[in-house]
Amino acid sequence: MSIKTLTSIGPANTIARSEESHPLTWRLRDDGQPVWLAEYQQKNGYAAARKALSEMAQADIVQTVKDAGLKGRGGAGFPTGVKWGLMPTDESMNIRYLLCNADEMEPNTWKDRMLMEQLPHLLIEGMLISARALKAYRGYIFLRGEYVEAAANLNRAIEEAKAAGLLGTNILGSGFDFELFVHTGAGRYICGEETALINSLEGRRANPRAKPPFPAVVGVWGKPTCVNNVETLCNVPVIVGHGVDWYKSLARPQSEDHGTKLMGFSGKVKNPGLWELPFGVSARELFEDYAGGMRDGYTLKCWQPGGVGTGFLLPEHLDALMYAGGIGKVGTRMGTGLALAVDDSVNMVSLLRNMEEFFARESCGWCTPCRDGLPWSVKILRALERKQGTQEDIDTLLGLVNFLGPGKTFCAHAPGAVEPLGSAIKYFRSEFEAGIASPSAPATTGQFVPA
Amino acid sequence: MIQTTNSSTLIQTDRFILSEAEHAAIEHEMHHYEDPRAASIEALKIVQKARGWVPDGAADAIGEILGIPASDVEGVATFYIQIFRQPVGRHIIRVCDSMTCYIGGHEAVLAGIKDQLGIVPGQTTADGRFTLLPVCCLGNCDKAPALMIDDDTFGDVHAEGVAQLLEAYV
Chain A
704 MSIKTLTSIG PANTIARSEE SHPLTWRLRD DGQPVWLAEY QQKNGYAAAR
754 KALSEMAQAD IVQTVKDAGL KGRGGAGFPT GVKWGLMPTD ESMNIRYLLC
804 NADEMEPNTW KDRMLMEQLP HLLIEGMLIS ARALKAYRGY IFLRGEYVEA
854 AANLNRAIEE AKAAGLLGTN ILGSGFDFEL FVHTGAGRYI CGEETALINS
904 LEGRRANPRA KPPFPAVVGV WGKPTCVNNV ETLCNVPVIV GHGVDWYKSL
954 ARPQSEDHGT KLMGFSGKVK NPGLWELPFG VSARELFEDY AGGMRDGYTL
1004 KCWQPGGVGT GFLLPEHLDA LMYAGGIGKV GTRMGTGLAL AVDDSVNMVS
1054 LLRNMEEFFA RESCGWCTPC RDGLPWSVKI LRALERKQGT QEDIDTLLGL
1104 VNFLGPGKTF CAHAPGAVEP LGSAIKYFRS EFEAGIASPS APATTGQFVP
1154 A
Chain B
378 MIQTTNSSTL IQTDRFILSE AEHAAIEHEM HHYEDPRAAS IEALKIVQKA
428 RGWVPDGAAD AIGEILGIPA SDVEGVATFY IQIFRQPVGR HIIRVCDSMT
478 CYIGGHEAVL AGIKDQLGIV PGQTTADGRF TLLPVCCLGN CDKAPALMID
528 DDTFGDVHAE GVAQLLEAYV
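Read top to bottom, the protein sequences are chains A and B.
Using my numbering, you'd call the opening residue of the first sequence number 704 and step up by one each time.
Using my numbering, you'd call the opening residue of the second sequence number 378 and step up by one each time.
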């Protein structure tokens, strides 16, 4: 059998790591190959599941996750224990679902791919414990279709787990039954929105649903449903296995968030990559010590802390600490914690044009501000890029930043689209102004010329 | 369209019929879900895997098995980017156009592909070998720019290296 190099191999595979400091990634192999069941169990794997299924009541697991302060790792940072607490515990409602959001399509996000390709059993163990806590009888991993190796590795790991009695009926003699399926998507960014994900899983167009009712009340096929991100679920065995106090000691003291986070830096940095780091490290540490700073010949112009939907920050903001409140203090969100360095060779109008083209293309078209507003922003940005903008264009863009902002659209897609736009205009307005056609310049063919 | 051949046998070329293998695969998928409708996306993928794309009439055939209107199946088929409602090349090149790959130089990669194959995103080569499409972030951002050819993902792609990558796909 030929050994295939997984695309997710990176510095997380080779950095010095231990169970005490890298609870999610210490089991990774230096060679980047997947950790299958035998090796996973040899490295303490499924010990937390055994503990949860034999020693803990369901409510205790929920309380433990609540006490640990685990927050969703998919970008929004909603407290996982609170989300779990919304699930009804009524015995008469015996059909509940646990969905894993593995539709990783956010530009500049490459963390769940690594977990699923190389540590499939960590996710399965996390889902097993979570399903037990939520009394879910079935789970689905909603995986984006392009993650071919992740699908293969998860399916193989599920077969291994089934054969070992870790999935199926009467798991580990506890009387608990849980079956797990991998559901691969067919490609649309909006599937990552949890209610759109539910529609997509049901075989419908991935339009978001109105909330309330929340998925915990009316989810997939009308049943109580909990949707959690891959990395979030991978934290559950860590918390259950080592306890709340230990988990709370992981993050740096200044951090209000607990545990570790997969963080990264990409762009024209010397050593782009992904690392498991405690919440509360400074962005400068991530940028300089881990990513090695900018490559020779490039200067850092600005950076985004965590995905396309987070705002731009300046080099002076690198002292901000990587946790929700730390990044909040400098005016944006931590998002996924995988940062992007923008170098001085990049024009912000062109970069924003690229970003808004993505958001416009990926709008599901359900609500008007998003469906019509995003292509409008693209049209203006393209004109500014060609130096054919008008005097009103920047105000129009700022109007869109307002009208597509939080609370004005059906879901968070459009607010995510205008966050980088608003911050780019705030910090780099002159680059946008440079795209306005000067009145004396001759009009280009086809452009409307006022009398 | 109905064609009359020399032997006067009627051949209906526009009637879409699922193969037994496709039928069985779709039936198998249905049982993973509480409601058969949930298998609609997978059913489209099954048809596409066998035929390269989803021909007209597939929506009726799939809808019949799943017990849902053909219009719903068509609605799904036209929503998701991995479902092809027109013929494509034997190999699909997907070039990541996220902002990270933009900074990494994906436009140069697209130019390199255009030099090699003479196609831009959305087009298929005249010999039917390649179709070029854009794709959302491939989750390979530390190795930008990234692209996929069929099921294979490549990182740190350069315009000059494109020709060599394409060679393996005939």
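In this text, a Cβ means the ideal position worked out from N, Cα and C, and glycines have one as well.
Note that the coordinates shown come from a computational prediction; the quantities given were computed from them, not determined experimentally.
The beta strand (DSSP E) with residue i in it runs from where to where?
i	result
Thr-963 (chain A)	963-970
Ile-827 (chain A)	Note, Ile-827 (chain A): premise wrong, no beta strand (DSSP E); alpha helix (DSSP H) at 823-837.
Gly-976 (chain A)	976-981
Gly-656 (chain A)	Outside the shown range of chain A (704 to 1154) lies residue 656 (chain A), about which nothing can therefore be said.
Gly-489 (chain B)	No beta strand (DSSP E) holds Gly-489 (chain B); the alpha helix (DSSP H) holding it covers 483-494.
Ala-805 (chain A)	800-805
Leu-510 (chain B)	507-512
Bridge partners for residue i per DSSP, in chain order?
i	result
Cys-1067 (chain A)	Cys-1067 (chain A) is not bridged to any residue.
Trp-1006 (chain A)	A:Leu-1016, A:Ala-1044
Leu-1084 (chain A)	Its beta-bridge partners do not exist; DSSP assigns none.
Ile-526 (chain B)	B:Ile-470, B:Asp-529
Val-885 (chain A)	A:Ile-844
Ser-1126 (chain A)	In the DSSP output, where bridge partners are listed per residue, Ser-1126 (chain A) has none listed.
Thr-501 (chain B)	B:Thr-508
Since residue i is in the alpha helix (DSSP H), which residue starts that stretch and which ends it?
i	result
Gly-1110 (chain A)	Note, Gly-1110 (chain A): premise wrong, no alpha helix (DSSP H); not H, not E.
Ala-454 (chain B)	447-454
Leu-756 (chain A)	750-758
Ile-423 (chain B)	417-428
Thr-898 (chain A)	897-904
Gln-928 (chain A)	The amino acid at residue 928 (chain A) is misidentified as Gln; the sequence shows Thr. Per DSSP, Thr-928 (chain A) belongs to no alpha helix (DSSP H); it is in the beta strand (DSSP E), 928-932.
Thr-1155 (chain A)	Since the first residue of chain A shown is 704 and the last is 1154, residue 1155 (chain A) is not available in this structure.
Val-539 (chain B)	539-544
Ala-741 (chain A)	740-745
For residue i, name the three-state secondary structure that DSSP assigns.
i	result
Asp-437 (chain B)	helix
His-468 (chain B)	strand
Gly-1038 (chain A)	coil
Met-1025 (chain A)	coil
Lys-951 (chain A)	helix
Met-997 (chain A)	strand
His-408 (chain B)	coil
His-725 (chain A)	coil
Ser-711 (chain A)	coil
Cys-937 (chain A)	helix
Lys-865 (chain A)	helix
Lys-774 (chain A)	strand
Gly-925 (chain A)	helix
Ile-1139 (chain A)	strand
Gly-1102 (chain A)	helix
Excluding the 5 residues preceding and the 5 following residue i in the sequence, name in chain order all residues of the same chain whose CB lies nearer than 8 Å to its CB.
i	result
Arg-908 (chain A)	Asn-902, Cys-1067
Ala-488 (chain B)	Ala-536
Ala-1154 (chain A)	Residue confidence for Ala-1154 (chain A) is low, a pLDDT of 44 falling below 50, so the modelled location carries little weight; the figure read from the coordinates is stated next. Around Ala-1154 (chain A): no qualifying Cβ.
Ala-1044 (chain A)	Phe-968, Ser-969, Gly-970, Lys-971, Val-972, Phe-990, Ala-994, Met-997, Leu-1003, Trp-1006
Might you give, ordered along the chain, the residues of its own chain that have their beta carbon closer than 6 Å to the beta carbon of residue i, omitting 5 neighbours on each side?
i	result
Gly-1149 (chain A)	Legend: pLDDT at Gly-1149 (chain A) = 46, less than 50; position of this residue unreliable, value from coordinates given subsequently. Same-chain partners within the cutoff: there are none.
Tyr-892 (chain A)	Met-808, Glu-1065
Cys-1070 (chain A)	Thr-1112, Phe-1113
Gly-829 (chain A)	Leu-936, Cys-937, Val-939, Pro-940
Thr-381 (chain B)	Residue placement at Thr-381 (chain B) is flagged as unreliable, the pLDDT there being 42, under the threshold of 50; the coordinate-derived value follows with that caveat. Cβ neighbours of Thr-381 (chain B) beyond the five flanking positions: none.
Val-1104 (chain A)	Val-1121, Leu-1124, Gly-1125
Would you kindly work out how many angstroms separate the C-alpha atoms of residue i and residue j, rounded to a whole number?
i	j	result
Gly-895 (chain A)	Ser-1141 (chain A)	42 Å
Asn-910 (chain A)	Glu-897 (chain A)	10 Å
Glu-882 (chain A)	Gly-888 (chain A)	19 Å
Asn-1050 (chain A)	Phe-1131 (chain A)	10 Å
Ala-545 (chain B)	Pro-782 (chain A)	47 Å
Cys-929 (chain A)	Gly-772 (chain A)	17 Å
Pro-927 (chain A)	Leu-900 (chain A)	14 Å
Ala-855 (chain A)	Gly-778 (chain A)	26 Å
Val-1052 (chain A)	Glu-1122 (chain A)	14 Å
Ala-402 (chain B)	Trp-978 (chain A)	40 Å
Pro-432 (chain B)	Ser-969 (chain A)	41 Å
Ile-526 (chain B)	Val-424 (chain B)	20 Å
Ile-942 (chain A)	Gly-976 (chain A)	26 Å
Ala-548 (chain B)	Leu-857 (chain A)	Lying outside 378 to 547, the shown extent of chain B, residue 548 (chain B) is not represented and no answer is given.
Val-885 (chain A)	Ala-834 (chain A)	15 Å
His-405 (chain B)	Lys-865 (chain A)	19 Å
Asp-1046 (chain A)	Tyr-1001 (chain A)	6 Å
Gly-429 (chain B)	Ile-1139 (chain A)	46 Å
Asp-492 (chain B)	Lys-964 (chain A)	42 Å
Pro-823 (chain A)	Ala-719 (chain A)	21 Å
For residue i, collect the residues of the same chain with a Cβ closer than 7 Å to its Cβ; drop the 5 residues on either side in sequence, then sort them by chain order.
i	result
Ala-750 (chain A)	Gly-944
Arg-1085 (chain A)	Arg-1056
Glu-1162 (chain A)	As shown, chain A starts at 704 and ends at 1154. That puts residue 1162 (chain A) outside it, with no answer to give.
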